[in-house]
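Protein sequences, first through last, are from chains A and B. Under the numbering used here, the letters of the first sequence match residues 774 to 1114, in that order. Under the numbering used here, the letters of the second sequence match residues 774 to 1114, in that order. Ideal Cβ positions, reconstructed from N, Cα and C, are used throughout, including at glycine. As structure tokens, the structure follows; a few thoughts come after it.
There are 2 protein chains.
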Amino acid sequence: MIIDCHGHFTTAPAALEQWRMRQIDAVRGAAPMPRASELRISDDEIREAIENNQLRVMRERGHDLTIFSPRAIFMAHHIGDYAVSSTWAAICNEMCFRVSSLFPQHFAPAAMLPQSPGVETSSCIAELRRCVEEYGNVAVNLNPDPSGGHWASPPLSDRYWYPLYEALVEYDVPAMIHVSQSCNACFHTTGAHYLNGDTTAFMQCLDSELFRDFPTLRFVIPHGGGAVPYHWGRFRGLAQALRKPRLQEHLLKNVFFDTCVYHQPGIDLLTHVIPIDNILFASEMIGAVRGIDPDTGRNFDDTRHYVEASGLSPEACFQIFEGNARRVYPRLDAKLKAQGR
Amino acid sequence: MIIDCHGHFTTAPAALEQWRMRQIDAVRGAAPMPRASELRISDDEIREAIENNQLRVMRERGHDLTIFSPRAIFMAHHIGDYAVSSTWAAICNEMCFRVSSLFPQHFAPAAMLPQSPGVETSSCIAELRRCVEEYGNVAVNLNPDPSGGHWASPPLSDRYWYPLYEALVEYDVPAMIHVSQSCNACFHTTGAHYLNGDTTAFMQCLDSELFRDFPTLRFVIPHGGGAVPYHWGRFRGLAQALRKPRLQEHLLKNVFFDTCVYHQPGIDLLTHVIPIDNILFASEMIGAVRGIDPDTGRNFDDTRHYVEASGLSPEACFQIFEGNARRVYPRLDAKLKAQGR
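In structure tokens, the structure reads:
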């Protein structure tokens, strides 16, 4: 089975974005705040959005299941206050839940959190509980920078985040560490902020004892880990200079990298440098890079092809495509087993 | 000849740091502002600092010449105002000039600029002129984030930077795009901020027409280009989505990557993915990662070994070690030719 651990609902019906624009207008004081109940999207519209997009491409590429979360760039936790984020997260999470209900063989939901800059992280727990207990979510996306490119929150190792971690550990749910839209003109969202977020989060974990406090907490660092595998020697050397244990012991029971790296040499490096047990297949399709690589004739984000061409053993491919995901996302494993898979 | 294009005076005599601490105390209002003339460092002290450190390691590794600039983490342009940065830059640049005068066969100076957050970049030109005309500097370090991790300046493609670029073009001097100390708790300086700065700067160039305006401006992106070569497919795909020319035409006449990547697989990827003409040998020795890799028994930052072990042709190695540097840094080439090298 091929499990893509990183998909977002980037192709939701236009009504969703229109509702959000009304909410943003209201935040700006330019319109009344829309009610959640004013958003109406039918099951047929969701089916169409999925069947013509993600599910079509999954079938073309032979992906079986996608861990599916709200569109990352639209989380935009920097807009408005906690109430705004809370309403928006609830709407987006319901959308992904409905996708997973309509296509239970193909999509397992992951939740965005109602983060808001400066608000305590315990405020996210009610939505987390709802998404896990009522919606069957198998993961969450955690934004390490709810300010949207100003990095005004404490690092992930700070106790600011601990109430949320306690709930993640309680539910045995991993967090993908995924920033959202950059509202800082220095950072292109998908070309800089995403990759910087990945590198930054990894180094925050390295320069801390976070996983001593939470030995079962698990983070998935997307986009192939940002700059980390390419600079693995640098990080090993920094860990040594900071008198940390070897990265294998210090972080790799808790930190995993996805395969959203959009060319063969990058995947070759990732699979060569990072232990196979720490690599999770993902494409982030349909996402930031939708075009066809003129050098190969394939989609840049057709990462299955790179993984299969990277010279791994069948056992290693199985771990990357399925085995590791079943271990890192135990609620996904339970869901699959209940389906007889 | 082996030219290391990225070295900083990290081992300057302690009096330099002590003077800077007095200056910082004065910025905080805790002491009177020290005068530049109160800093006294003898030639013998400089000789000792260099001979026991950088020059010793250069001899061990067989590096012939280092492009030598003030310690990057100490630039700290976020501290104080323009006058503070200006005095500090003048002192640090004089130190590197003295190193290059004492060891003209081994060190060519590169300047830090007296940047200060929010101050117009034309304020850097006088120091640039002094460093090029009087000190023989062959390059400058340009900090794309003088705020120190808050990224409060405009992107490098903004006209804010153009007065400085005009002077760089006039002197035909390249700029290494190098951030300094992070004063944002989210960003570890050498483990996140440096790499993020590299990725961010590259994407700012990609998402702009900067090199249409300045066709002869040259940027060196240090630390192997941050996350860029590892994600080269992503950047090629983003360029395509942004309707830019291919990266070869769009950026690679103007953007170069150094080899400060501290393990073999990273250098293998860099030399495989990036055209040889765009790679400049560098180690950033003695820098952020000073230890010995227990997996290899060699220093993490002994990048000459990785380049030589990466299976390149002798011609490609020559370009990386010497040829490209002579082309990208014409004032270095002239200096070497004047020495009969």
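Run through DSSP, which three-state label would residue i get?
i                : result
G1010 of chain A : helix
D986 of chain B  : helix
C754 of chain B  : Absent from the model: residue 754 of chain B. The displayed extent of chain B is 774 to 1114, so no value can be given.
I1176 of chain B : In the structure as shown, chain B begins at 774 and stops at 1114. Residue 1176 of chain B is therefore absent and cannot be evaluated.
M848 of chain B  : helix
A884 of chain B  : strand
I994 of chain A  : strand
A862 of chain B  : helix
Within a Cβ cutoff of 8 Å, which residues of the same chain sit near residue i, ignoring the five residues on either side of it in sequence?
i                : result
E982 of chain B  : S930
R1114 of chain B : M774
S895 of chain A  : P936, L937
A803 of chain B  : none
H1023 of chain A : L979, F984, A1012, K1017
H996 of chain A  : Y967, L968, D971, D1031, C1033, V1034, E1057
G1064 of chain A : N1072, F1073
In terms of residue numbering, what span does the alpha helix (DSSP H) encompassing residue i cover?
i                : result
G1039 of chain B : 1037-1046
N969 of chain B  : 967-979
V830 of chain B  : 827-834
L789 of chain A  : 787-800
V942 of chain A  : 935-944
I1116 of chain B : Lying before the first or after the last residue shown, residue 1116 of chain B is absent from chain B, which here runs from 774 to 1114.
L915 of chain B  : Segment 912-915 is the beta strand (DSSP E) holding L915 of chain B; no alpha helix (DSSP H) there.
I898 of chain A  : 898-902
R1114 of chain A : Run containing R1114 of chain A: none; DSSP gives neither H nor E here.
H1078 of chain A : 1076-1081
H1023 of chain B : 1020-1023
Terminal residues of the continuous beta strand (DSSP E) containing residue i?
i                : result
T839 of chain A  : 838-843
I1093 of chain A : I1093 of chain A -> no beta strand (DSSP E), and no H or E assigned at all.
H779 of chain B  : 776-782
A1111 of chain A : Counting along the chain, A1111 of chain A falls outside any beta strand (DSSP E), though it belongs to the alpha helix (DSSP H) covering 1103-1111.
V1028 of chain A : 1028-1031
I950 of chain B  : 948-950
With a threshold of 7 Å on Cβ separation, who are the neighbours of residue i within its own chain once the five nearest residues in sequence on each side are excluded?
i                : result
P928 of chain B  : Q977
T783 of chain B  : R844, I1059, G1060
Q919 of chain B  : As written in the sequence, residue 919 of chain B is Pro, which differs from the Gln given in the question. H850, H851, Q888, S889, P890, S926.
F986 of chain A  : Phe is not the amino acid found at residue 986 of chain A; the sequence shown has Asp there. Result list for D986 of chain A: empty, nothing under 7 Å.
G1039 of chain B : G997
F1008 of chain A : L979, V1001, L1020
T962 of chain B  : I846, Q954, S955
To which residues of the same chain is residue i closer than 6 Å at the C-beta, ignoring the five residues directly before and after it?
i                : result
N866 of chain A  : A884, C904
W1005 of chain B : V1046
I1049 of chain B : A1089, Q1092
M806 of chain B  : A799
F880 of chain A  : T839, F841, V872, S873
Y944 of chain A  : V905
Report yes if the C-beta of residue i is less than 8 Å from at least one heavy atom of the ligand GDP; otherwise report no.
i               : result
C897 of chain B : You won't find the ligand GDP in this model; it holds no ligand whatsoever.
Check whether the region 1069-1085 of chain A touches the region 1035-1046 of chain A, counting contact only when three or more Cβ pairs, one atom from each stretch, lie closer than 8 Å.
-> The region 1069-1085 of chain A, when compared against the region 1035-1046 of chain A, does touch it at the 8 Å Cβ threshold.
Indicate whether the contact test is met: 3 or more Cβ pairs, each with one atom in the region 1100-1114 of chain A and one in the region 817-835 of chain B, closer than 8 Å.
-> The answer is no - the region 817-835 of chain B does not touch the region 1100-1114 of chain A, with fewer than three Cβ pairs under 8 Å.
What are the residues of the region 995-1009 of chain B that lie near chain A, defined by any Cβ-Cβ distance shorter than 8 Å?
-> H996, G997, G999, A1000, P1002, Y1003, H1004, W1005, G1006, R1007, F1008, R1009
Note down, in chain order, all residues in the region 1067-1099 of chain B with a beta-carbon under 7 Å from any beta-carbon belonging to chain A.
-> F1073
Output, in sequence order along the chain, the residues in the region 1035-1048 of chain A whose CB is closer than 7 Å to any CB in chain B.
-> Y1035, H1036, P1038, G1039, L1042, H1045, V1046
So does the region 935-950 of chain B actually touch the region 868-881 of chain B, counting three or more Cβ pairs closer than 8 Å?
-> Judged by pairs of C-beta atoms under 8 Å, the region 935-950 of chain B does not touch the region 868-881 of chain B, as fewer than three such pairs exist.
Report yes or no: do three or more beta-carbon pairs, one from the region 1012-1019 of chain A and one from the region 1048-1062 of chain A, lie closer than 8 Å?
-> Flag = no, the region 1012-1019 of chain A and the region 1048-1062 of chain A do not touch.
Is there contact here, the region 832-840 of chain A with the region 950-960 of chain A, by at least three beta-carbon pairs under 8 Å?
-> no
Could you name the residues of the region 976-996 of chain A whose beta carbon sits closer than 8 Å to any beta carbon of chain B, in the order they occur along the chain?
-> Listed by position along the chain: M976, Q977, L979, D980, H996.
Can at least three beta-carbon pairs, one atom from the region 786-797 of chain A and one from the region 852-865 of chain A, be found at a separation below 8 Å?
-> yes
contact_flag[the region 809-822 of chain B, the region 849-856 of chain B] where n(CB pairs < 8 Å) is 3 or more | Between the region 809-822 of chain B and the region 849-856 of chain B, the count of C-beta pairs closer than 8 Å stays below three; the two stretches do not touch.
Mind listing which residues of the region 945-961 of chain B have their C-beta closer than 9 Å to chain A's C-betas, in chain order?
-> If you check each beta-carbon in the region 945-961 of chain B against every beta-carbon of chain A, the ones closer than 9 Å belong to N957, A958, C959, F960, H961.
Taking any Cβ of chain A, which residues in the region 876-891 of chain B have a Cβ under 7 Å from it, in chain order?
-> Residues passing the 7 Å Cβ filter: none.
Mind checking the region 782-802 of chain A against chain B and listing, in chain order, the residues whose C-beta falls within less than 8 Å of any C-beta there?
-> none
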